[in-house]
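Below: one structure, written as structure tokens.
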Amino acid sequence: MPEASSQAPEITDADIDWVRALMGLEILDPPRRTFLAARNTLDVSACPGSGKTTLIVAKLAILARKWPHRTKGICVLSHTNVAREEIQRRLGSTVVGQRLLDYPHFIDTIHGFVNRFLALPWLNSKGFPSPTIDNDVTTAYRRGVLANADYRTVQNFLTQKHSSFDHLQICAHNLHFDLGGKPFPAGPNAKSFKLAKQAIETAAHAGYFCYDEMFVWGHALLANFPAVALWLRHRFPLVIIDEMQDTFEAQGAILQAVFPRTLPDVIVQRVGDPNQAIFDDSDAEPNKSDPFPDSDPTRCVDIPSSHRFGPEIAALASPFAVAPVGNHGLCGIGPKAITGAPTTCDHAIFIFPSNSTVGVLDAYGKHVLTTFDDGTLAKGMVTAVGAVHQDASDIAPGHDQFPKSVPHYWSGYTADICRKDPHPKSFVQYVRAAQAIVRDGHDLAPGVERIASGLVRLAGHIGNAGQLKRKARTHRAIIDALEANTAVLTTYRQMIKKVLIDWIPLTEKNWGTVRTDILAIACALCDGPTNPNVINFLEWPDTDPSLAVGASTSAHDASPNVYHVSHGNRRVNIRLGSIHSVKGQTHLATLVLNTYWHDHSFRRMLPWLLGDKVNEGGAKVQDRKRLLQTYVAMTRPSHMICLAVPYSICSGAKSFSQHIATLSARGWRVAEIIDGAPVWHG
143 MPEASSQAPE
153 ITDADIDWVR
163 ALMGLEILDP
173 PRRTFLAARN
183 TLDVSACPGS
193 GKTTLIVAKL
203 AILARKWPHR
213 TKGICVLSHT
223 NVAREEIQRR
233 LGSTVVGQRL
243 LDYPHFIDTI
253 HGFVNRFLAL
263 PWLNSKGFPS
273 PTIDNDVTTA
283 YRRGVLANAD
293 YRTVQNFLTQ
303 KHSSFDHLQI
313 CAHNLHFDLG
323 GKPFPAGPNA
333 KSFKLAKQAI
343 ETAAHAGYFC
353 YDEMFVWGHA
363 LLANFPAVAL
373 WLRHRFPLVI
383 IDEMQDTFEA
393 QGAILQAVFP
403 RTLPDVIVQR
413 VGDPNQAIFD
423 DSDAEPNKSD
433 PFPDSDPTRC
443 VDIPSSHRFG
453 PEIAALASPF
463 AVAPVGNHGL
473 CGIGPKAITG
483 APTTCDHAIF
493 IFPSNSTVGV
503 LDAYGKHVLT
513 TFDDGTLAKG
523 MVTAVGAVHQ
533 DASDIAPGHD
543 QFPKSVPHYW
553 SGYTADICRK
563 DPHPKSFVQY
573 VRAAQAIVRD
583 GHDLAPGVER
593 IASGLVRLAG
603 HIGNAGQLKR
613 KARTHRAIID
623 ALEANTAVLT
633 TYRQMIKKVL
643 IDWIPLTEKN
653 WGTVRTDILA
663 IACALCDGPT
673 NPNVINFLEW
683 PDTDPSLAVG
693 ASTSAHDASP
703 NVYHVSHGNR
713 RVNIRLGSIH
723 SVKGQTHLAT
733 LVLNTYWHDH
743 SFRRMLPWLL
753 GDKVNEGGAK
763 VQDRKRLLQT
773 YVAMTRPSHM
783 ICLAVPYSIC
793 SGAKSFSQHI
803 ATLSARGWRV
813 AEIIDGAPVW
823 HG
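The numbers in the sequence shown follow this note's numbering, run straight up by one, and end at 824.
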């Protein structure tokens, strides 16, 4: 292991014992203790359920207690604010927790770091107005720059080139643009190019930008003022990056430029799991210039043991890991004991007719009800997830691609509500996402932050909310901003109570009243003149069937994308979603649904399911993506993993009975769905 740096205080066994007691942690094995004590640049590959975010918070607690600098801080970056939320939840009432959330430390997203320290200073120095950073709003503004006929000229041209006006993106500080990394398909003298240029430049000079365009200004500042990187390294001698596997090429390049991992004056500790590198943006390029983890084994630590599940689930999921986990594969040392839950469960594969998914969710739900009592079900989520979850109503039963998407298993599913989406298209979706966060995590604070971030975004649409956007704790910033306006502050607090505590079901009928309150709050948050004519973002989304929910008595019933299965006088709620949307979650039971992307997912994964292949060996590019998705899905549950597989996939070169025998020998119990009901084999 490389020599420790003097930039961070020494962490002793006594410190680790202190934080274990403070946070109620279990006994820590050598790899976990190595990470906690490390004072050098290194990469940590942590398997699902290893508690890596909790470990990061534990390390931060120790460091905050012993931090010797008054003007230098720890910089913690990720793609979401999970680390900050975990600090607030676990350490919010402690002295060390308050220290971590205050100057000189910085805990935020990578986008938040780039905006605050690089992009916004560059834009301010060049005379741009306080920016509005939002893809939808910026695209709408660019459209509005052009006359309707001119917009149609550009859009029709790009449609013919298999692209769209929405893909226009600034790619250089001189306002050169492309189509999300692809060149504009016309020369500078073409009418379509000139109109697109007009839209881009006019919007930019008015202060409208897309999220990823902020990296352009960040790079511009670093190129023109290299001393900024020196100052940032002086300000932040220790950098911890969470979820490193999800870092895109543009993000990795700017992190490497500011915090090179080869320099002795900065410690960069990257934490993540290369086997969970599934991206929300299908066009995003993974970080290839500085891949994770480091190829030097002396700069790496592996944490292959999971507290989430036991050895059975670990054995079933381990072959789907692209990179081998540790020296002996994924290790399950959990799950935490739940009173009434069985020590072992029947992990099941439901084989259904290729032209009908009828009965799949019901069979899964009844299997769950047979396995777990109501007390256990109340303590954990039961989910069903698929890699593809967008609308596929153009594909009917009997089509070669059926079932293509999650809605093919239940027509009531809608893809628009996704708590992982950082930038929902409507405020209603912010509220629904906040309710899902509170429901899933049983913690109010992250849900409040979600609604607060929606309000700040809305305020930015209406007027100038630049200072508000730069605050790390959005809810606190709103409280402070409304301190002198007691009437609106009361309205804000009452609105939070209605949707997150009283849990009023959102309906088109009552949305009008909620909308009025939200608009009043957002207008009060703006500096200077406001324009409350922001119709689209506050409109009720008529196309979203999951919002058509009647009065209910519980948060579970009011939630979207929940399928109910009853058996006798008992009921289980199955929450459907995409694999992306459940990343980072822990479930009691998970059903992985077959979907179609270039081929049926389990047709391509069958060799790994049968034990003929393991890890990345023999995987094509598309299969590698499927392995990552399957691995993420199969490592969500603590107690039970199930799969939904079309019959045609199990009736290939080998006989159906041979496949059943192999799957049974590998630890699966197999049920065939016949006339909508399960018939168990063996």
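We put the beta carbon where it would ideally sit given N, CA and C, even for glycine.
All figures in this text were calculated on a predicted structure; none of them were measured in a lab.
Backbone CA spacing between residue i and residue j [nearest angstrom]
i	j	result
Val-630	Ala-619	14 Å
Gly-234	Gln-240	6 Å
Gln-418	Leu-785	19 Å
Tyr-789	Gly-605	56 Å
Ile-830	Leu-364	As shown, the chain starts at 143 and ends at 824. That puts residue 830 outside it, with no answer to give.
Asn-757	Pro-588	36 Å
Phe-177	Thr-440	13 Å
Ser-368	Thr-633	Note that residue 368 is Pro in the sequence shown here, rather than Ser. Cα to Cα, Pro-368 sits roughly 47 Å from Thr-633.
Gly-759	Ser-460	13 Å
Pro-433	Arg-294	41 Å
Gly-522	Val-714	11 Å
Val-466	Lys-268	The question names Val, but residue 466 is Pro in the sequence shown. If I take the Cα positions, the gap works out to 49 Å.
Ala-457	Ser-306	45 Å
Lys-478	Thr-728	12 Å
Leu-505	Val-812	Note that residue 505 is Ala in the sequence shown, not Leu. Approximately 12 Å between the Cα atoms of the pair.
Leu-769	Pro-446	18 Å
Thr-301	Trp-750	39 Å
Ala-534	Trp-552	12 Å
Arg-599	Phe-798	54 Å
Val-500	His-489	20 Å
Ile-249	Ala-225	8 Å
Trp-264	Phe-255	13 Å
Beta bridge counterpart(s) of residue i as assigned by DSSP
i	result
Lys-324	Leu-321
Ser-448	Gly-474
Trp-822	Ala-813
Ile-99	Within the shown structure, residues of the chain are numbered from 143 to 824, placing residue 99 beyond reach of any answer.
Leu-735	Gly-528, Ala-786
Cys-442	Asp-185
Asp-250	Leu-219
When the options are compared against residue i, the one with the closest alpha-carbon
i	options	result
Thr-518	Gly-501, Thr-485, Ile-491	Thr-485
Phe-378	Ile-312, Pro-406, Trp-739	Pro-406
Asp-516	Ser-187, Leu-262, Asn-711	Asn-711
Arg-581	Ile-537, Asp-644, Thr-649, Gly-528	Asp-644
Pro-820	Gly-360, Ile-491, Ala-314	Ile-491
Arg-174	Ile-198, Met-165, Ala-163	Ile-198
Ala-594	Ile-660, Phe-514, Ile-815	Ile-660
Val-238	Leu-164, His-550, Asn-277	Leu-164
Asn-298	Ala-666, Asp-542, Ile-275, Leu-337	Leu-337
Asn-678	Tyr-283, Asp-754, Thr-512	Tyr-283
Ser-192	Asp-415, Arg-403, Pro-273, Thr-154	Asp-415
Where the beta strand (DSSP E) through residue i begins and ends
i	result
Leu-785	779-788
Phe-357	Run containing Phe-357: none in the beta strand (DSSP E); it sits in the alpha helix (DSSP H), 356-366.
Gly-719	712-720
Buried or exposed (CB count within 10 angstroms, at least 16 for buried), residue i
i	result
Gly-692	Because the pLDDT at Gly-692 is just 33, under 50, the model does not fix this residue reliably, and the value given afterwards should be weighed accordingly. It counts as exposed.
Leu-372	exposed
Asn-257	buried
His-603	buried
Gly-719	buried
Gln-866	No answer is possible for residue 866: it lies beyond the span of the chain, which begins at 143 and ends at 824.
His-740	exposed
Lys-639	exposed
Trp-822	exposed
Gln-771	buried
Ala-291	exposed
Ala-289	exposed
Lys-546	buried
Thr-628	exposed
Gly-596	buried
His-376	exposed
Pro-330	exposed
Residue range of the unbroken alpha helix (DSSP H) whose run includes residue i
i	result
Ser-267	262-267
Ser-595	586-604
Arg-175	172-179
Ser-431	Neither: Ser-431 is in no alpha helix (DSSP H) and is coded neither H nor E.
Leu-310	Not the alpha helix (DSSP H): Leu-310 falls in the beta strand (DSSP E), residues 310-312.
Ile-621	616-623
Any C-beta of chain B under 8 Å from that of residue i
i	result
Pro-647	Protein chains in the displayed structure number just one, and chain B is not present.
Any non-hydrogen atom of the ligand MG within 7 Å of residue i CB
i	result
Ala-314	Inclusion of the ligand MG in the displayed structure is not the case, the ligand content being empty and no account of it being possible.
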